[in-house]
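Participant:
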Amino acid sequence: MSLKGDRLKDEGSRLQVTAAGATAGLIARFVIAPLDVVKIRLQLQTHSLSDPLSQRNLHGGPIYKGTLPTLRHILRAEGITGLWKGNVPAELLYVCYSAVQFTAYRSATLLLHSTLGEDTLPQAAESFIAGAVGGGAATASTYPLDLLRTRFAAQGNDKVYASLWRAVAQIQREEGVRGFFRGLGPGLAQIVPYMGFFFAVYETLRPPLSGLELPFSTGGAVAGTVASVLAKTGTFPLDLVRKRIQVQGPTRGMYVHKNIPEYAGALGAMRMIVRNEGFRGLYRGLTVSLLKSAPASAVTMWTYERALKFYSGLGERSEQSL
Numbered sequence: 001m002s003l004k005g006d007r008l009k010d011e012g013s014r015l016q017v018t019a020a021g022a023t024a025g026l027i028a029r030f031v032i033a034p035l036d037v038v039k040i041r042l043q044l045q046t047h048s049l050s051d052p053l054s055q056r057n058l059h060g061g062p063i064y065k066g067t068l069p070t071l072r073h074i075l076r077a078e079g080i081t082g083l084w085k086g087n088v089p090a091e092l093l094y095v096c097y098s099a100v101q102f103t104a105y106r107s108a109t110l111l112l113h114s115t116l117g118e119d120t121l122p123q124a125a126e127s128f129i130a131g132a133v134g135g136g137a138a139t140a141s142t143y144p145l146d147l148l149r150t151r152f153a154a155q156g157n158d159k160v161y162a163s164l165w166r167a168v169a170q171i172q173r174e175e176g177v178r179g180f181f182r183g184l185g186p187g188l189a190q191i192v193p194y195m196g197f198f199f200a201v202y203e204t205l206r207p208p209l210s211g212l213e214l215p216f217s218t219g220g221a222v223a224g225t226v227a228s229v230l231a232k233t234g235t236f237p238l239d240l241v242r243k244r245i246q247v248q249g250p251t252r253g254m255y256v257h258k259n260i261p262e263y264a265g266a267l268g269a270m271r272m273i274v275r276n277e278g279f280r281g282l283y284r285g286l287t288v289s290l291l292k293s294a295p296a297s298a299v300t301m302w303t304y305e306r307a308l309k310f311y312s313g314l315g316e317r318s319e320q321s322l
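Under full-length UniProt numbering, think of the first position of the sequence shown as 1, with each following residue one higher.
#1: Assuming Trp165 is part of the alpha helix (DSSP H), what are its boundary residues?
#2: I think Tyr283 touches Ala231, with their Cβ atoms under 8 Å apart; what is that distance to the nearest whole Å?
#3: From which residue to which residue does the alpha helix (DSSP H) around Lys39 run?
#4: Quick one: what does DSSP say Phe310 is sitting in, helix, strand or coil?
#5: Note down, one range per segment and in chain order, each alpha helix (DSSP H) of at least 4 residues found wholly within the UniProt repeat "Solcar" (122-208).
#6: Out of Ile191, Ile273, Arg151, which has the shortest C-alpha to C-alpha gap to Gly179?
#7: Check this for me: beta carbons of Glu175 and Gly249, under 8 Å apart or not?
#8: Beta-carbon within less than 6 Å of Ala130's beta-carbon, same chain only, minus the 5 sequence neighbours each way: which residues are those?
#9: Use the C-beta contact count for Gly313: other C-beta atoms within 10 angstroms, 16 or more gives buried, fewer gives exposed.
#10: May I ask whether a heavy atom of the ligand COA can be found less than 7 Å away from the beta carbon of Arg206?
#11: Near residue 323, which residues of its chain fall below 6 Å by C-beta distance, leaving aside the five closest residues on each side in sequence?
#12: Thinking residue 327 and Gly224 are a contact (beta carbons under 8 Å), I'd like their distance in whole angstroms, please.
#13: Glu91 by DSSP, collapsed to three states: which one?
#14: Relative to the C-alpha of Gly265, which candidate in Thr251, Val241, Asn259, Val256 has its C-alpha closest?
#15: Express the C-alpha separation of Leu209 and Phe198 in angstroms, rounding to a whole number.
#16: Relative to the C-alpha of Gln123, which residue among Ala200, Pro237, Cys96 is closest?
#17: Report all residues from its chain with a CB closer than 6 Å to the CB of Ala227; omit the five preceding and five following residues, and keep chain order.
#18: Classify Glu305 as buried or exposed, calling it buried when 16 or more other Cβ atoms lie within 10 Å of its own Cβ.
#19: What's the gap between the Cα of Leu83 and the Cα of Leu112?
#20: Given a cut-off of 8 Å on the beta-carbon distance, is the pair Leu44 and Lys243 in contact?
#21: Please state whether DSSP places Glu305 in a helix, a strand or coil.
#22: Spell out a yes or no on whether the segment 145-163 and the segment 28-40 are touching, meaning 3 or more CB-CB pairs, one atom from each, closer than 8 Å.
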């Protein structure tokens, strides 16, 4: 089924779109897992590197500075597996998130077409609305996995949670159901404009770049990279606040960074970060986040388009064999 065969969001059946989105998320997550761990460690680091060491209240926590030094520090202190901490809930998160995101994005687009007509809205506006709906639906439905991913990635050699299932049981016992949704507010506040802007830029750039041939890349991958960098930079402070709030609760002082303050809501967290760490504190980990999000988005969109063609081909062959 295709309303417009050359447009990403209109290709394939609902099942094929869901399967392609899940496949893209699975592969992209494994590729960028080490950079994701580094990003989370930098985001949770609350002391200013410009302060004298004697004034830093570290409680034995490590000092990270820069992407490559942080990678080396984790490798040296925790081994190669330290770079894939939290990968199990993260893989589940990316598979479920991508599947829900692309499905909701396609459904929102078709709904706009059926209610307003296909050419009523400019393409950028239509993509922004559909992207925001897709991102919001995926974030809300998979948020507990995002929280678990963050908490496992924040662990050092002293494990806070022995396993995924024990983490679920412990959070439920000590924090209740609400504990799984810490930081959902800034998460939604970040993802709606992020995904809306991402898809708007992506759908705007993809047609003119579609004929671009690059080594190991396509015009779609380039469009996805540019869209991701612009969207991530604009919404990064909310992502950092979300990470800080996700590790609140009874285990707050047990992660690698043992000096994470206690925050009273997203706005309170933002005010405290600016007061104690300066405006730059809201952008801790931005460099590695861009290094992570650009290839992640490129891999996701590249894999999605090819997976969708593969599953669509399977569907056509199945129909022909009947």
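Don't be surprised by glycine CBs; every beta carbon is placed ideally from N, CA and C.
As the structure is a computational prediction, the values presented were derived from the model and not from experiment.
Facilitator: With the given structure in hand:
#1: First-last of the alpha helix (DSSP H) with Trp165: 164-175.
#2: Actually they do not touch by this definition, with Cβ atoms about 15 Å apart.
#3: 14-43
#4: helix
#5: 123-153, 164-175
#6: Taking only the C-alpha atoms, the option nearest Gly179 is Arg151.
#7: Against a cut-off of 8 Å, the Cβ pair of Gly249 and Glu175 comes out as a contact.
#8: Tyr105, Ala108, Thr109
#9: Note on Gly313: under 16 other CB atoms within 10 angstroms of its CB, so exposed under the neighbour-count rule.
#10: Judged by which ligands are present, the structure shown has none, so any question about the ligand COA falls away.
#11: The requested residue 323 is not part of the displayed model; the chain covers only 1 to 322.
#12: Given a span of 1 to 322 for the chain in the structure shown, any question on residue 327 remains unanswerable.
#13: helix
#14: Val241
#15: 16 Å
#16: Ala200
#17: Phe198, Val201, Tyr202
#18: buried
#19: 42 Å
#20: yes
#21: helix
#22: Touching, per the Cβ criterion.
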